[in-house]
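Residue numbers (this note's numbering): -1 to 144. The beta carbon of each residue, even a glycine, is placed where N, CA and C say it ideally should be. Here the structure is a predicted model, which means the values were calculated and not measured.
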């Protein structure tokens, strides 16, 4: 999670929400990492998870990321949860819950839907306080929360 937090801290430099992600191989090696880049790239799909999954797939030479773990600072949205399932990632680890758009238990639970052919193991709340604080600080500076 510390690697994902380091990625997240780099995102605000481009005006992006501080979310970071890393995909780890079966031996724990980093295969791909990413941070939110929607603003930087003008790409609605450039979420941290999507960037990291693309990098990991390129490193492995396959879209199948079996045996791999995705670690992200914020609960994935529907798009990213779908990509996690489709990439056949074995494990998902996330920090902060996303009560507005989360698809791993908050609003939906896409990754555990029994109708899908793959369901990764989920570990939630890892360094939750640190992940939440980073996001709250960013939103406090960029939005009127009153």
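Nearest neighbour of residue 45 by Cα position, chosen from 119, 103, 80, turns out to be 80. Around the beta carbon of residue 70, a 10 Å sphere encloses 16 or more other beta carbons of the protein chains shown; the residue is thus reported as buried.
Residue 93 sits close to residue -1, with the two beta carbons spaced by under 9 Å. Of the residues assessed, residue 11 falls on the exposed side of the cut-off, its CB having fewer than 16 other CB atoms within 10 angstroms. Of all alpha-carbon atoms in 72, 9, 85, the one lying nearest the alpha-carbon of residue 38 is that of 9. Within the same chain, Cβ atoms closer than 6 Å to the Cβ of residue 85 are found at 51, 63, the five residues on either side in sequence being excluded.
The C-alpha of residue 27 lies about 30 Å from the C-alpha of residue 40.
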